[in-house]
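Q: Heads up, the sequence shown is in our numbering, so the first residue is 225 and it goes up one at a time.
Where a beta carbon is used, it is the ideal one built from N, C-alpha and C, also for glycine.
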Amino acid sequence: MTPSEREALKTAVEKERNNEPFERSLGRNLRNAGLDFDAYILIISEVRAVAKREKMTLEEAALKLAAEE
Numbered sequence: 225m226t227p228s229e230r231e232a233l234k235t236a237v238e239k240e241r242n243n244e245p246f247e248r249s250l251g252r253n254l255r256n257a258g259l260d261f262d263a264y265i266l267i268i269s270e271v272r273a274v275a276k277r278e279k280m281t282l283e284e285a286a287l288k289l290a291a292e293e
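1. With DSSP collapsed to three states, give me the class of D262.
2. Drop a sphere of 10 angstroms on the beta-carbon of E229, count the other beta-carbons inside from all chains shown, and report buried for 16 or more, exposed for fewer.
3. Which same chain residues, not among the five before or five after T235, have their C-beta less than 6 Å away from its C-beta?
4. In whole angstroms, what separates the C-alpha of A285 from that of G258?
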């Protein structure tokens, strides 16, 4: 995962709006970072896999992935 993708994950969690799904927040932040739909699919797939494996929310999984180097 690139640094810009990690930053978009972190920002998506921090700037999630009231009653907004995480996926929408992530998509908005990826577009703002200049990334495309293919990047979104790869990232959300990875986030969902971690969330399922670790039994955590998508937001928690995103923060975990964003913290990895």
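A: On the basis of the data shown:
1. As a working mapping, residue 262 is identified with position 38 in the sequence shown. The three-state reading of DSSP puts D262 in helix, counting H, G and I together.
2. The residue labelled residue 229 in the question sits at position 5 within the sequence shown. Buried.
3. Reading the sequence shown from its first residue, position 11 is the one you call residue 235. Excluding positions up to five away in sequence, the list reads N253.
4. As a first step, residue 285 is located in the sequence shown; it is residue number 61 there, counting from the start. As a first step, residue 258 is located in the sequence shown; it is residue number 34 there, counting from the start. Between A285 and G258, the C-alpha separation is close to 22 Å.
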